[in-house]
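Asker: Could you have a look at this structure, given as structure tokens, before my questions?
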Amino acid sequence: MKIQSIIKCFAAVALAMTLCISADVTAKPKEKKAKEKITDPRLLTIMKMPKTTKESQFVSRGTALKTAHRAVQGFDVNQDESVLWFSQPGTFGKSQPGLTKVHENYIIRVKNGKREAMTVRYFGNANNIAIESTPEGDYVWMGSCGTKWNGAYSRTRAVSRFLFEPGGEINAGHAGETYYMGGERYVWASVDVENDLLGITTQKAGTVSIFIYSLSEARTLPDTDIKIKTEWKGENIGESQETVVRTIKGKDLTTLEPLSSFVVAKPDKDTGNPAKDVNYYTFRGFDVDKDYVYFVEGRHNKGNFKGNGESKAFITVFDHAGRVALPRRRVGVIADQVLLELMGITPTDYADICGVKVVGNKAYIGFSAYNKSGDKKGHRACIVKYE
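Going by our numbering, the letters in the sequence shown line up with residues 66 to 452, in that order.
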């Protein structure tokens, strides 16, 4: 009996110690992981985009382009803001031969207030242009080798680098140096000459693939014969649409190992969260610098504020490995219906984001605004600066 009592006593003591230890463990608060403080001035600049925009931030506040009938597609700005660049597609013209200009894109340079334009045909999407200034002149990087789809030209399968010539025309759908992505579609470019970087995006079913190459290595690739199937023409009177397989000279980027690459998946429209999920809205442009990829998405409200609410735009910053360096943030000016109406830019908050550019520690957002009345009737280009 004594042995049994002793055993019971030890068991009771052990149970009490176990409960005591468990209570101590449970009561101990969890240590929160300290958030890493953001000190990079570029990221601090991006963090200002959700805030209220001031009129003084507008670098362009309703610039008329080549036509009032189509939205701005891409933009760029030089370091001292004395030169602004825009791209814009031609008008549909009711799709009638002789009237339609859907095969055209316009590259517009606004230099010290003077507007000059160049026309390129059959290139496709004019989104996300990039400008490379050299002693010989300004080179335009834009999507090329497009094909006709749903009555317009899109689905670019390459990017071309060509010299801007005021009043000039290009009719082949590509020009200068052309960089091919193996048949992938919606090919756009970003360049960072100072850091020898060429950024390329492609898209499939809304998912965006981002590739970063050495610019100098890409430019020294040999030209090879590239075959591209194209549907084109039919815009001129007496001209028929053609489906052809063209052979062009270009640099095949699939033969060059990228410095890095990553994919931004498309969230499911039914189960995705429009307030949180990156790439929920339409991908509308990107920019690449020595450390980051700046990714913008958005959707305009079709000029119907009462029915559709405000226009929407968001920016997310990735590092070159695809890790989020700055989580998705709202671009406040796109949704600021009161400000845009007070400034006479648009009374309905039709603000269609058309890209992002980071120059030094300054960041710029471009968008196309639509006004139904007054002197600024139609589409106009706007650029807002953050610093």
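Note that beta-carbon positions come from the ideal geometry of N, C-alpha and C, so glycine has one too.
#1: Please confirm if the segment 316-327 is in contact with the segment 263-278, defined as three or more CB-CB distances below 8 Å between the two stretches.
#2: Which residue wins for smallest C-alpha separation from residue 312, given the options 295, 350, 146 and 398?
#3: Buried or exposed: which applies to residue 446, given that a residue is buried once 16 or more other Cβ atoms fall within 10 Å of its Cβ?
#4: By Cβ distance below 6 Å, which residues in the same chain neighbour residue 235 in space, the five residues on each side in sequence not counted?
#5: Is it right to say residue 154 is buried, meaning 16 or more other beta carbons lie within 10 angstroms of its own, or is it exposed?
#6: Less than 8 Å separating the beta-carbons of residue 456 and residue 310?
#7: Using only alpha-carbon positions, find the residue among 422, 335, 410 and 197 that is nearest to residue 108.
#8: Under the three-state reduction of DSSP, which class applies to residue 392: helix, strand or coil?
#9: Quick one: give me the first and last residue of the beta strand (DSSP E) that residue 348 is part of.
#10: For the alpha helix (DSSP H) that contains residue 398, what are its first and last residues?
#11: Within 10 angstroms of its Cβ, does residue 209 collect 16 or more other Cβ (buried), or is it exposed?
#12: Could you work out which residue in 173, 334, 137 and 252 is closest to residue 188 when comparing CA atoms only?
#13: Sorted by chain position, which residues of the same chain lie with C-beta nearer than 6 Å to residue 339's C-beta, five sequence neighbours on each side aside?
#14: Thinking residue 139 and residue 192 are a contact (beta carbons under 8 Å), I'd like their distance in whole angstroms, please.
#15: Quick one, are the C-beta atoms of residue 288 and residue 316 less than 8 Å apart?
#16: For residue 242, which option in 256, 225 and 169 has the closest C-alpha, if you only look at C-alpha atoms?
#17: Could you spell out the range, first to last residue, of the alpha helix (DSSP H) harbouring residue 280?
#18: What number of angstroms, rounded off, separates the C-alpha of residue 414 from the C-alpha of residue 195?
#19: Going by the beta-carbon positions, is the gap between residue 267 and residue 250 smaller than 8 Å?
#20: Tell me whether residue 366 sits in a helix, a strand or coil according to DSSP, three-state version.
#21: With which residues is residue 234 paired in a DSSP beta bridge?
#22: Using only the alpha-carbon positions, how far apart do residue 379 and residue 407 sit?
#23: Spatial neighbours of residue 348 within its chain, please: C-beta separation below 6 Å, excluding the five flanking residues on both sides.
#24: Assuming residue 444 contacts residue 135 (C-beta within less than 8 Å), just tell me the rounded distance between them.
#25: With DSSP as the reference, please indicate the residues paired to residue 154 in a beta bridge.
#26: Mind checking which residues open and close the alpha helix (DSSP H) that includes residue 111?
#27: Beta strand (DSSP E) containing residue 301: first to last residue?
#28: I'd like the list of long-range same chain contacts for residue 433, defined as Cβ closer than 6 Å, with 5 residues on each side in sequence excluded.
#29: How would you write the range of the beta strand (DSSP E) that residue 142 sits in, first residue to last?
#30: Helix or strand or just coil, what does DSSP make of residue 122?
#31: If you check the beta carbons only, do residue 410 and residue 436 fall under 8 Å apart?
#32: What whole-angstrom Cβ distance do residue 244 and residue 164 have, given they're in contact under 8 Å?
#33: Identify the residues that DSSP records as bridge partners of residue 445: which are they?
#34: From residue 40 to residue 302, what does the alpha carbon distance come to, in whole angstroms?
Answerer: Checking against the coordinates, here is how it stands:
#1: yes
#2: 295
#3: buried
#4: 185
#5: buried
#6: Past the boundaries of the shown model lies residue 456; the chain is included only from 66 to 452, so the question cannot be answered.
#7: 422
#8: strand
#9: 347-353
#10: 397-400
#11: buried
#12: 252
#13: 345
#14: 5 Å
#15: yes
#16: 225
#17: 280-284
#18: 27 Å
#19: yes
#20: coil
#21: 184
#22: 23 Å
#23: 273 and 362
#24: 6 Å
#25: 170
#26: 106-111
#27: Here residue 301 belongs to no beta strand (DSSP E), and DSSP marks it neither H nor E.
#28: 136, 137, 417, 419 and 444
#29: 139-142
#30: helix
#31: yes
#32: Incorrect: roughly 33 Å between the Cβ atoms, too far for contact.
#33: 434
#34: What the structure shows of the chain is the stretch from 66 to 452, and residue 40 is not part of that stretch, so it cannot be assessed.
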